[in-house]
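Protein chains in written order, with my numbering: chain A, 764 to 878; chain B, 279 to 391.
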């Protein structure tokens, strides 16, 4: 597609439930990122995928968070046993290759509210 | 540790006035530097970036930024603010071969009529 696509755009879930957030990167982009943005705060790195290399999971805040990506396509971020502090916008981004200065393009985000 | 500092979480200027948003980074290797803008309820949009070459970088919407290695800074400027510039601005940096983009905390820009 023309840009990074994320779904759902909004999700309200009850505390303790699991949620899945989906990201469709720009076609041909080998790198995919997930960030979290809490209300009024900056962006917090979660995880990075580059092609078939092992993902950089250094930003995942707890073992309740996990993400998968098959090849260079769709990625799913899963949050198990959601807590209220998980409420945030989850932003997905992609870029074209291993060139460090390449622009990272962001999706509109998935707004998660845990009640 | 790698870090990005944006001085001032809120900046307010009058329409037509100079916009200056400050960004400093910590790095022992040459960085790649970015400014992103986030309009209300939208995703992030790239304003400009510095990778190599000319240290004064021009971006969209009349914004520009200058990479100053001696000051480890990448401040964002615009000569004349417009009401449509009201948004959240994020400075970000990547180091060497690392692909992770590290963001500052953001600066909310308000334009007064």
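Backbone N, C-alpha and C define an ideal beta-carbon position, used for all residues, glycine too.
Checklist entry - CB residue 314 of chain B to CB residue 298 of chain B, shorter than 8 angstroms? => result In the second chain, residue 314 of chain B corresponds to position 36, counting from 1. In the second chain, residue 298 of chain B corresponds to position 20, counting from 1. Note that the C-beta distance between residue 314 of chain B and residue 298 of chain B is not below 8 angstroms.
Checklist entry - Are residue 853 of chain A and residue 836 of chain A close, meaning C-beta to C-beta below 8 angstroms? => result Within the first chain, the letter at position 90 stands for residue 853 of chain A. Within the first chain, the letter at position 73 stands for residue 836 of chain A. In this structure, residue 836 of chain A does not lie closer than 8 angstroms to residue 853 of chain A by Cβ.
Item to check | Residues bridged to residue 785 of chain A [DSSP beta-bridge criterion] | outcome: Locating residue 785 of chain A in the first chain gives position 22, where the first residue counts as 1. Bridge partners of residue 785 of chain A: A:770 and A:839.
Checklist entry - At a CB-CB cut-off below 7 angstroms, which residues of chain A make contact with residue 321 of chain B? => result Here the question's residue 321 of chain B lines up with position 43 in the second chain. Chain A residues near residue 321 of chain B: 854, 869, 870, 871 and 872.
Item to check | Contact list for residue 341 of chain B against chain A, beta-carbon separation under 7 angstroms | outcome: Translated into the one-based positions of the second chain, residue 341 of chain B becomes position 63. For residue 341 of chain B, no chain A residue has a Cβ inside 7 angstroms of its Cβ, as the nearest lies near 15 angstroms away.
Item to check | Min CB distance residue 726 of chain A to chain B below 8 angstroms | outcome: This structure cannot settle anything about residue 726 of chain A, because the visible part of chain A is limited to 764 through 878.
Next on the checklist: Suppose only complete runs of 4+ residues qualify. What are the alpha helix (DSSP H) ranges in the region 775-820 of chain A, listed by chain order?
Outcome noted: The qualifying runs do not exist here; there are none.
Item to check | Contacts of residue 280 of chain B in chain A (Cβ-Cβ under 8 angstroms) | outcome: Along the second chain, read from residue 1 onward, the residue named residue 280 of chain B stands at position 2. None at all; the shortest Cβ gap to chain A is about 11 angstroms.
Checklist entry - From the beta carbon of residue 787 of chain A, is the nearest beta carbon of chain B less than 8 angstroms away? => result If you number the first chain from 1, residue 787 of chain A lands on position 24. Any Cβ of chain B closer than 8 angstroms to the Cβ of residue 787 of chain A would place that residue at the interface, and such an atom is absent.
Next on the checklist: With a threshold of 8 angstroms, are at least 3 pairs of Cβ atoms found where one atom belongs to the region 288-308 of chain B and the other to the region 358-372 of chain B?
Outcome noted: Cβ pair count under 8 angstroms is three or more, so yes.
Item to check | Three-pair Cβ contact test at 8 angstroms for the region 331-350 of chain B versus the region 768-781 of chain A | outcome: When C-beta atoms of the region 331-350 of chain B are compared with those of the region 768-781 of chain A, fewer than three pairs fall below 8 angstroms, so the two segments do not count as touching.
Checklist entry - Just how far apart, CA to CA, sit residue 331 of chain B and residue 344 of chain B? => result Taking the first residue of the second chain as 1, we reach residue 331 of chain B at position 53. Taking the first residue of the second chain as 1, we reach residue 344 of chain B at position 66. The alpha-carbon of residue 331 of chain B is positioned some 11 angstroms away from that of residue 344 of chain B.
Item to check | Pairwise C-alpha distance: residue 294 of chain B and residue 812 of chain A | outcome: Within the first chain, residue 812 of chain A is the residue found at index 49, counting from 1. Within the second chain, residue 294 of chain B is the residue found at index 16, counting from 1. So the alpha carbons of these two residues sit roughly 43 angstroms apart.
Next on the checklist: For residue 320 of chain B and residue 867 of chain A, what's the separation of their Cα atoms in angstroms?
Outcome noted: Within the second chain, residue 320 of chain B is the residue found at index 42, counting from 1. Within the first chain, residue 867 of chain A is the residue found at index 104, counting from 1. Straight-line Cα distance between these residues: approximately 16 angstroms.
Item to check | Pairwise C-alpha distance: residue 829 of chain A and residue 786 of chain A | outcome: Position 23 of the first chain, counted from the start, is the residue given in the question as residue 786 of chain A. Position 66 of the first chain, counted from the start, is the residue given in the question as residue 829 of chain A. Rounded to whole angstroms, residue 786 of chain A to residue 829 of chain A spans 14 angstroms at the Cα level.
Item to check | Neighbourhood of residue 329 of chain B by C-beta, 6 angstroms cutoff - its chain only, sequence neighbours within 5 removed | outcome: The residue given as residue 329 of chain B occupies position 51 in the second chain. Result list for residue 329 of chain B: 310, in chain order.
Next on the checklist: So with CB distances below 9 angstroms, who are the chain B contacts of residue 808 of chain A?
Outcome noted: Taking the first chain and counting its residues from 1, the one referred to as residue 808 of chain A is at position 45. Below the 9 angstroms Cβ cutoff, chain B contributes 378, 379, 380 and 381 as neighbours of residue 808 of chain A, in chain order.
Checklist entry - In three-state terms, what does DSSP make of residue 323 of chain B? => result Here residue 323 of chain B is taken as the residue at index 45 of the second chain, counted from 1. Taken through DSSP and simplified to helix, strand or coil, residue 323 of chain B comes out as strand.
Checklist entry - Just to confirm, are residue 291 of chain B and residue 390 of chain B a CB contact at a threshold of 8 angstroms? => result The residue you call residue 291 of chain B lines up with position 13 of the second chain. The residue you call residue 390 of chain B lines up with position 112 of the second chain. Yes, these two residues count as a Cβ contact at 8 angstroms.
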